[in-house]
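Read through the structure below, which is laid out as structure tokens, and then see the notes.
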Amino acid sequence: MIKSYKPMLLLYLLLFSVSFLVIGCSDTQTQKEHSQIHEQQDRDKELTQSKDKLAIDENPIPDENSKDLDQIAIGQSAAQVQDMFGKKYELLNDADTNTVIWRFDFTQNTDYKFPREKTLQNMNVDVVDLDGLKKGVIDSQLFIKFDDEDMVSSFSYYYKGSDNNIKVRHMFEDGTIKEERI
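63 is the number of the first residue of the sequence shown in this note's numbering; add one for each residue after it.
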């Protein structure tokens, strides 16, 4: 009689193994679907974060010193720039092209002095005071590049956005405007 139980026991073990395999595979499929969903959510999250990184404030240039910024245009004279922003600027050299750049430091802090302790800043080249912007010591900085005829060829405006991130608005020689978070 013991011999007759062996085939039955083998049959039960085989059925148990097959059912376990079927259940395990169906869980694997479900896990695979969950994994794909999580991967898609991660991709969506990364895409949203990259869009946020490039996002521009709805009011991109919030301080009062920018009131004339929209009036700057490629080809304007140095005299026109002085009429808009005054004569309180510092002459710098463009580190890439060795051309003249004007830097306007906009701040309510009357004691503000551009930091010169770093090598590049000490060389009088176009370096942004990012620490000052982050700490609120300075409101914004405007760098205007001129061509050989003293006409505006490009500019960059650095400021702290309403989200407390440092942002820059560039106008290139072809008139293209690009805004980005630093």
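We put the beta carbon where it would ideally sit given N, CA and C, even for glycine. Keep in mind it's a predicted model, so treat the numbers as computed, not measured.
Check this for me: beta carbons of residue i and residue j, under 7 Å apart or not?
{"i": "I35", "j": "F217", "result": "Only positions 63 to 244 of the chain appear in the structure, and residue 35 is not among them; the question remains open."}
{"i": "F147", "j": "D201", "result": "no"}
{"i": "L195", "j": "K175", "result": "no"}
{"i": "Y220", "j": "L131", "result": "no"}
So is residue i buried or exposed if we call it buried at 16+ other beta carbons inside 10 Å?
{"i": "Q170", "result": "exposed"}
{"i": "L153", "result": "exposed"}
{"i": "I206", "result": "buried"}
{"i": "K240", "result": "exposed"}
{"i": "D173", "result": "exposed"}
Residues in its own chain within less than 7 Å of residue i by CB, not counting five upstream and five downstream?
{"i": "S79", "result": "none"}
{"i": "Y151", "result": "W164, R165 and F166"}
{"i": "A140", "result": "F208 and D212"}
In whole angstroms, what is the alpha-carbon distance linking residue i and residue j?
{"i": "D210", "j": "D145", "result": "20 Å"}
{"i": "N155", "j": "I163", "result": "6 Å"}
{"i": "K197", "j": "N160", "result": "30 Å"}
{"i": "D225", "j": "R243", "result": "10 Å"}
Between residue i and the rest of its own chain, which residues show a CB-CB distance below 8 Å, the 5 nearest in sequence each way excluded?
{"i": "L182", "result": "With a pLDDT of 48 at L182, under the threshold of 50, the modelled position of that residue is not reliable, and the figure given next carries that caveat. The answer, listed in chain order, is A157 and V189."}
Which residues mark the beginning and the end of the alpha helix (DSSP H) in which residue i is found?
{"i": "F147", "result": "A140 to F147"}
{"i": "L192", "result": "L192 to K197"}
Between which residues of its own chain and residue i is the CB-CB distance below 6 Å, once the five residues before and five after are set aside?
{"i": "G137", "result": "M213"}
{"i": "L73", "result": "none"}
What are the boundary residues of the beta strand (DSSP E) that residue i is part of?
{"i": "V214", "result": "V214 to K222"}
{"i": "D167", "result": "V162 to F168"}
{"i": "L204", "result": "S202 to F208"}
{"i": "N155", "result": "E152 to N155"}
{"i": "I239", "result": "I239 to R243"}
{"i": "K229", "result": "I228 to M233"}
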